[in-house]
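Engineer: Provided herewith is a single structure, encoded as structure tokens, for subsequent inquiry.
Protein chains: 2
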Amino acid sequence: MYETDPFEGYALSFETAERDVLGRIGTFGTKSGKLETPALFPVVNPLAQEIPPRIMFERIGCKALITNAYLIRRRGGNTVVADIHDFLDFPGIVATDSGAYQILRYGEVQVSPAEIVEYQQSIGTDIGVILDVPTGSRATKARAIETVKETTRRADEAQKLITRRDIAWVGPIQGGLYPDLVAQSAREMSKRRFDIYALGSPTEVMEQYLFADLVDMIFAARTNLPSSAPLHLFGAGHPFMLALAVALGCDLFDSAAYILYARRGRYMTHAGTLQLGEMEYFPCKCNSCARTSPEEVRSRPIVERIRFLAEHNLSACLQEIETIKEAIVEGRLWELVEVRCRSHPSLHEGLLQMRRHAAHITRSAPSTKRKGIFFFDSASLQRPEYLMYVERLTRDYVPPRSARIALLVPATSRYPSKANTSTDMNWTNVGPGAHICLYYPPYGIVPSELEDTFPFSQTQSPQEPDPGTLKAMAETVRTYLAKSRTYQTLVVVRSSKEWQKRFAGMCRNACRKLGVKFSTYGDREVSSGRIRILGRKKGYLDKAARRRLV
Amino acid sequence: MYETDPFEGYALSFETAERDVLGRIGTFGTKSGKLETPALFPVVNPLAQEIPPRIMFERIGCKALITNAYLIRRRGGNTVVADIHDFLDFPGIVATDSGAYQILRYGEVQVSPAEIVEYQQSIGTDIGVILDVPTGSRATKARAIETVKETTRRADEAQKLITRRDIAWVGPIQGGLYPDLVAQSAREMSKRRFDIYALGSPTEVMEQYLFADLVDMIFAARTNLPSSAPLHLFGAGHPFMLALAVALGCDLFDSAAYILYARRGRYMTHAGTLQLGEMEYFPCKCNSCARTSPEEVRSRPIVERIRFLAEHNLSACLQEIETIKEAIVEGRLWELVEVRCRSHPSLHEGLLQMRRHAAHITRSAPSTKRKGIFFFDSASLQRPEYLMYVERLTRDYVPPRSARIALLVPATSRYPSKANTSTDMNWTNVGPGAHICLYYPPYGIVPSELEDTFPFSQTQSPQEPDPGTLKAMAETVRTYLAKSRTYQTLVVVRSSKEWQKRFAGMCRNACRKLGVKFSTYGDREVSSGRIRILGRKKGYLDKAARRRLV
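As given, the protein sequences belong to chains A and B, one line each in that order.
Following our numbering, the numbering of the first sequence begins with 1 at its first residue and continues without gaps.
Following our numbering, the numbering of the second sequence begins with 1 at its first residue and continues without gaps.
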């Protein structure tokens, strides 16, 4: 991973403002104006458009689109295109693709890499792509290596041909389903001068719902590129996966899905795809859907039906981009990703795959946030704030020097900062050797002197952890005890709640293996007055209890 | 629970068409037209409206509203209201409340139960409410009992006063946070003649985010009312909880939240509440939000700002109702509930609380569906199809008479019906005593002869179960073996996947306790050719393996 950007000040400007998880809101400067990211470029057929580009700009709110320079050049006939904006009648930002997708589909294209760079310059595109060689999802490793090498060679060739530096140039990253090759490709491309890096081949991967693989691919690319450069994910444009991709550090997207889906009668939502033919209600209040019904739309002529769906689909994509940006502003991007990944079990596998990249997440995500965090269950264990807690507790935190006993007490309220076991209760009675710590989902052990710091007092979670979270809590206790080497005894105080009993049992097992003494106080001790820890009552440890502890 | 409806054909018509979980799409007939349910009645102040009712009807699409008959009568001054529709200038369905909410807030009202029934009849309301005594969420049990008794007494009194039977009359159910009292109240009220039953007091419960309690309250009411009657949830109208309430069997809602929130600068979404003052993007394409920005709205005069928020909030509620209805049509209501309950940890507790009501869910939810089901993790273990599987397997299913060995093999693909271990592989070699069964998340054991039936072949789930699901799978195996009493041996075949090893270990523990012989085949046996079960290869058991089995 890059510590500094080798091309700082070199690329067209990209500035990031807000950040959450690995996602960010940024501004990318082009010669036709600034583009706020994350952004989606709808793919527009240069020769025939279902929705006129001007309507896209004015009515639907698309500020940028992408079209295919190769197709214009090849099939444009005698039309001489002096300026792509005029040609399309689009006043926003225009990106052009180079024909690489046609290579993937048809095996070859009738243009040279030099010709297509030259052509994109001549039509005044804002963002151009060199002619790379896509790996695809079915390539053997040998073939994948070949595509990476050839794409790198073409990148070098392109550098010599590029004369217009007011155009933002995209450097494609190949390697397909081989993360090591993607990483290598990203490293190679980042040595070359590009304004945007773009990960190739995800379309097929997404079509096959291989979201766990997609997560690995994106991580391989993102971690081997300078974080100051925007990352474009080629061919990704279903609203249900955009939040995940943004959270992994993707900034730009392009997709023809809105129109391809429309032609097949498919209605996009941020939760998946519905079939117009089977729908009875529109779960949407966009301009297209607000004043009609599926039945009425079905009665329209096919061309109008496709136009209706294309406009709705585009609107759904743009709405999701706004939702993602607002979530970043609110510091709730992770919550949004968890929800979106419940649109399909394969997408959920993508979310779970993030656990493999915990180290990178903890290194790169913002470490504090304006708002509290919502923790639900083991699916939330991948979230950066939790991973950072585990890492800092087990790697950086140093217990008080005198600590010999870890006295682990449950936080007594949903908002631990309000329960405040350590200040609320007279735990000072326990003597100098005891170190009071709290536990509550998902935190297995929180030294009480840290209880008011982020994220502990800002976490809201269900009062009972699911089995996966409970396991993680006990595992944190085990790791902490093993690494700190300070404690001779662990005392777990618990109420009659079933999960607290199980937690104590798991801690006991951990202590046995570590050779740490263990004891637990349950309801009987609590009610007998030897320890009072529940509710809002003052708690204390009397002499007898202290003798048992020390 | 009622098997037959004691008032069938008696009440104003309520017909249900589509059903999912305990939710349904229905049509309720009133004298002003039919109302499709689930439906939300926005609360409209009879004396001063931020949004004119006609605008609500024509532009925002509200087909029904609720206003307060008590306030009109008390504060209307000299205005004689001949017809409430004309008075409000609202061409849709008008419901009127009786002043009970004012009792809850101010302790008493200056009208008698008889007067308010009479008054509602005189102004021609479509749906009227008798003057009940709300329990609230802070009542002692003694006070709660009192409110239930007094509400029942008033219901009897009202029956005698009601002369207009073209008005739909609402019978309120009280009991507050005491489910036993709610159940008793529901039983009492359902003996009386009402067209709609309504659960009181949830507003305070929701304000305190006590969603687990709310689930218990709704269950207590719903299971003690005839399923043919619509259930109204008083004072519920935040879009983030509507899906859960519908899935529990609520049909009608009313709420002033859209305007109360607007006055405090709060912007509702199906995922929670945002503060206009802190927003940068609108995650919405409704008529209000589509063409502006939070910054622009903040610059407007306060009255316009409130109107903007009220219109958006109302639109967000109505959009959520449409989303819920479409989910019911698609058979995806449960998936929607899981997603919505990830809006807040307290709502998630509500979802988890449903496990307490598993018996009722399995009895009342539809048993098959048009679409497949998406299973994610232990949060999905409450879904009806899964609960029915466990119940039927362990209670109704009879294994083949010859079965002595349960041979439990993993399904080898995401879509078990395509993997087809039993037909794909030559398992017939194993001899007559072996009964081939499959396992895959979330199903611990599926007799192979059932693998093509619902829900087994229609379930999509992540390839790896979370710890909670794994535990449930092993528990099903244990219960099944214990109840069937047929098997002397359990053989678990597993691959090298970590979760399958753990599953085999959990099955071993269960067998030990049950006195069932246990063996497991892992990678070594598989690769040595003694059993081949992985991938798409033909599998078989050779003589040596058979000897080990039998």
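Heads up, the beta-carbon is just placed ideally off N, CA and C, and yes, glycines get one too.
If you measure from the CB of residue 45 of chain B, is any heavy atom of the ligand SAM nearer than 7 Å?
Structural biologist: Absent from the structure shown: the ligand SAM. Ligands present: none.
Engineer: Take the Cβ of residue 490 of chain A as the centre, count every other Cβ of all protein chains shown within 10 Å, and call the residue buried at 16 or more, exposed below.
Structural biologist: As a working note, residue 490 of chain A is residue 490 in the first sequence. So residue 490 of chain A counts as buried.
Engineer: Any beta-carbon of chain A closer than 8 Å to the one on residue 271 of chain B?
Structural biologist: For this step, residue 271 of chain B is matched to residue 271 along the second sequence. Cβ-Cβ to chain A under 8 Å: yes for residue 271 of chain B.
Engineer: Can you list, in chain order, the residues of its chain whose CB lies under 7 Å from that of residue 469 of chain A, leaving out five sequence neighbours each side?
Structural biologist: As a working note, residue 469 of chain A is residue 469 in the first sequence. The answer, listed in chain order, is 377, 378, 381, 441 and 442.
Engineer: Would you identify the three-state DSSP class for residue 13 of chain A, choosing helix, strand or coil?
Structural biologist: As a working mapping, residue 13 of chain A is identified with position 13 in the first sequence. Note: residue 13 of chain A maps to coil in three-state DSSP.
Engineer: Kindly indicate the opening and closing residues of the beta strand (DSSP E) around residue 447 of chain B.
Structural biologist: As a working mapping, residue 447 of chain B is identified with position 447 in the second sequence. 443 to 447 is the extent of the beta strand (DSSP E) around residue 447 of chain B.
Engineer: Output needed in chain order: residues of the segment 450 to 484 of chain A with a Cβ under 7 Å from some Cβ in chain B.
Structural biologist: The segment 450 to 484 of chain A vs chain B, Cβ under 7 Å: 460, 461, 462, 463, 466, 467, 468 and 471.
Engineer: Rounded to whole angstroms, what's the CA-CA distance from residue 184 of chain B to residue 105 of chain B? Just pull it up for me.
Structural biologist: Against the second sequence, residue 184 of chain B aligns to sequence position 184. Against the second sequence, residue 105 of chain B aligns to sequence position 105. Whole-angstrom Cα-Cα distance: 25 Å.
Engineer: The beta strand (DSSP E) spanning residue 317 of chain B covers which residue range?
Structural biologist: In the second sequence, counting from the first residue as 1, residue 317 of chain B sits at position 317. Where residue 317 of chain B is concerned, there is no enclosing beta strand (DSSP E), although the alpha helix (DSSP H) it sits in stretches over 302 to 330.
Engineer: Against residue 290 of chain B, what residues of chain A qualify as contacts under a CB-to-CB distance less than 7 Å, listed in chain order?
Structural biologist: Residue numbering aside, residue 290 of chain B sits at position 290 when the second sequence is read from its first letter. Correct list: 287.
Engineer: Round the Cβ separation of residue 38 of chain B and residue 251 of chain B to the nearest angstrom and send it over; I've been treating them as touching at under 8 Å.
Structural biologist: For the purposes of this step, residue 38 of chain B is taken as residue 38 along the second sequence, with counting starting at 1. For the purposes of this step, residue 251 of chain B is taken as residue 251 along the second sequence, with counting starting at 1. Right, their Cβ atoms sit about 6 Å apart.
Engineer: The beta strand (DSSP E) spanning residue 262 of chain A covers which residue range?
Structural biologist: As a working note, residue 262 of chain A is residue 262 in the first sequence. From DSSP, residue 262 of chain A is part of no beta strand (DSSP E) but of the alpha helix (DSSP H) over 257 to 263.
Engineer: Would you say residue 279 of chain A reaches chain B, if we count a Cβ-Cβ gap shorter than 8 Å as a contact?
Structural biologist: Counting from one through the first sequence, the residue named residue 279 of chain A turns up at place 279. Yes, residue 279 of chain A lies at the interface with chain B (some Cβ there is under 8 Å from its Cβ).
Engineer: Going by C-alpha to C-alpha distance, which of A:203, A:354 and A:263 sits closest to residue 174 of chain A?
Structural biologist: Position 174 of the first sequence, counting from 1, holds the residue named residue 174 of chain A. For the residues A:203, A:354 and A:263, the minimum Cα distance to residue 174 of chain A belongs to A:203.
Engineer: Output needed for residue 218 of chain A: all residues of its chain with C-beta closer than 6 Å, excluding positions within five of it in sequence on either side, in chain order.
Structural biologist: Within the first sequence, numbered from 1, the residue matching residue 218 of chain A stands at position 218. Contacts found: 248.
Engineer: Once the 5 residues before and after residue 408 of chain A are set aside, which same chain residues still bring their CB inside 8 Å of it?
Structural biologist: Position 408 of the first sequence, counted from the start, is the residue given in the question as residue 408 of chain A. Contacts found: 437, 438, 439, 445, 477, 490, 491, 492, 493 and 507.
Engineer: Could you have a look at residue 224 of chain B and say whether DSSP puts it in helix, strand or coil?
Structural biologist: As a working mapping, residue 224 of chain B is identified with position 224 in the second sequence. If DSSP states are grouped into helix, strand and coil, residue 224 of chain B belongs with coil.
Engineer: Which runs of the beta strand (DSSP E), 3 residues or longer, sit entirely within the segment 166 to 226 of chain A?
Structural biologist: List check, beta strand (DSSP E) in window: 168 to 173 and 196 to 199.
Engineer: What does the Cβ neighbour count give for residue 271 of chain A, buried or exposed, with the cut at 16 atoms within 10 Å?
Structural biologist: Taking the first residue of the first sequence as position 1, residue 271 of chain A is located at position 271. Residue 271 of chain A should be labelled buried.
Engineer: Quick one: what's got a C-beta closer than 8 Å to residue 34 of chain B's C-beta in the same chain, skipping five residues either side?
Structural biologist: If you number the second sequence from 1, residue 34 of chain B lands on position 34. Here the set comprises 27 and 28.
Engineer: Restricting to Cα atoms, I'd like to know which of B:294, B:91, B:466 and B:74 is closest to residue 66 of chain B.
Structural biologist: Along the second sequence, read from residue 1 onward, the residue named residue 66 of chain B stands at position 66. Answer by Cα proximity: B:91.
Engineer: Quick check: what's the CA-CA separation for residue 345 of chain A versus residue 464 of chain B?
Structural biologist: Taking the first residue of the first sequence as 1, we reach residue 345 of chain A at position 345. Taking the first residue of the second sequence as 1, we reach residue 464 of chain B at position 464. Spanning the two alpha carbons is a distance of roughly 10 Å.
Engineer: Looking only at its chain, what residues have a beta carbon closer than 6 Å to the beta carbon of residue 328 of chain A, apart from the 5 residues adjacent to it on each side?
Structural biologist: Taking the first sequence and counting its residues from 1, one reaches residue 328 of chain A at position 328. Excluding sequence neighbours, residue 328 of chain A sits near 18, 20, 23 and 25.
Engineer: Please list the residues of the segment 353 to 371 of chain A that have a C-beta atom closer than 8 Å to any C-beta atom in chain B, keeping them in chain order.
Structural biologist: Answer set for the segment 353 to 371 of chain A: empty.
Engineer: Give a yes or no on whether the C-beta atoms belonging to residue 199 of chain A and residue 233 of chain A are separated by under 8 Å.
Structural biologist: Sequence index remark: in the first sequence, residue 199 of chain A carries index 199 (1-based). Sequence index remark: in the first sequence, residue 233 of chain A carries index 233 (1-based). Yes. Within cutoff.
Engineer: Please state whether DSSP places residue 517 of chain A in a helix, a strand or coil.
Structural biologist: Taking the first residue of the first sequence as position 1, residue 517 of chain A is located at position 517. DSSP places residue 517 of chain A in strand when its eight states are reduced to three.
Engineer: May I ask which residues mark the beginning and end of the beta strand (DSSP E) holding residue 41 of chain A?
Structural biologist: Position 41 of the first sequence, counting from 1, holds the residue named residue 41 of chain A. Its beta strand (DSSP E) spans residues 39 to 44.
Engineer: Among A:228, A:13, A:246 and A:284, whose alpha-carbon lies nearest the alpha-carbon of residue 165 of chain A?
Structural biologist: Here residue 165 of chain A is taken as the residue at index 165 of the first sequence, counted from 1. Selected option, being the one with the closest Cα: A:13.
Engineer: Residues of the segment 318 to 329 of chain B with a CB closer than 7 Å to any CB of chain A: list them in chain order, please.
Structural biologist: Of all residues in the segment 318 to 329 of chain B, 319, 322, 323, 325, 326 and 329 have a Cβ within less than 7 Å of some Cβ in chain A.
Engineer: Just verifying my parser: in three-state terms, what is the DSSP assignment at residue 416 of chain B?
Structural biologist: For this step, residue 416 of chain B is matched to residue 416 along the second sequence. Note that residue 416 of chain B scores a pLDDT of 34, beneath 50, so its modelled location is shaky; the value from the coordinates is reported in the next line. Note: residue 416 of chain B maps to helix in three-state DSSP.
Engineer: Under three-state DSSP, which class holds residue 268 of chain A?
Structural biologist: As a first step, residue 268 of chain A is located in the first sequence; it is residue number 268 there, counting from the start. Note: residue 268 of chain A maps to strand in three-state DSSP.
Engineer: Give me, in chain order, the residues of the same chain whose beta-carbon lies closer than 6 Å to that of residue 181 of chain B; leave out the 5 immediate sequence neighbours on both sides.
Structural biologist: Here residue 181 of chain B refers to the residue found at position 181 when the second sequence is read from its first residue. Correct list, in chain order: 144, 148 and 175.
Engineer: Pull up the distance between the alpha-carbon of residue 567 of chain B and that of residue 159 of chain B, whole angstroms please.
Structural biologist: Examination of residue 567 of chain B is not possible in this model, given that chain B is present from 1 through 550 alone.
Engineer: According to DSSP, is residue 428 of chain A part of a helix, a strand, or is it coil?
Structural biologist: The count along the first sequence starts at 1 and reaches residue 428 of chain A at position 428. Bear in mind that the predicted position of residue 428 of chain A carries a pLDDT of just 46, short of 50, making it too unreliable to give a figure here.
Engineer: On the CB-based measure, 16 or more other CB atoms within 10 Å of its CB, does residue 361 of chain A come out buried or exposed?
Structural biologist: Reading the first sequence from its first residue, position 361 is the one you call residue 361 of chain A. Under this definition residue 361 of chain A is a buried residue.
Engineer: For residue 151 of chain A, count neighbouring C-beta atoms within 10 Å of its own C-beta (all shown protein chains included) and say buried if the count is 16 or more, exposed if not.
Structural biologist: Within the first sequence, numbered from 1, the residue matching residue 151 of chain A stands at position 151. The residue is buried, with at least 16 neighbouring Cβ atoms inside 10 Å.
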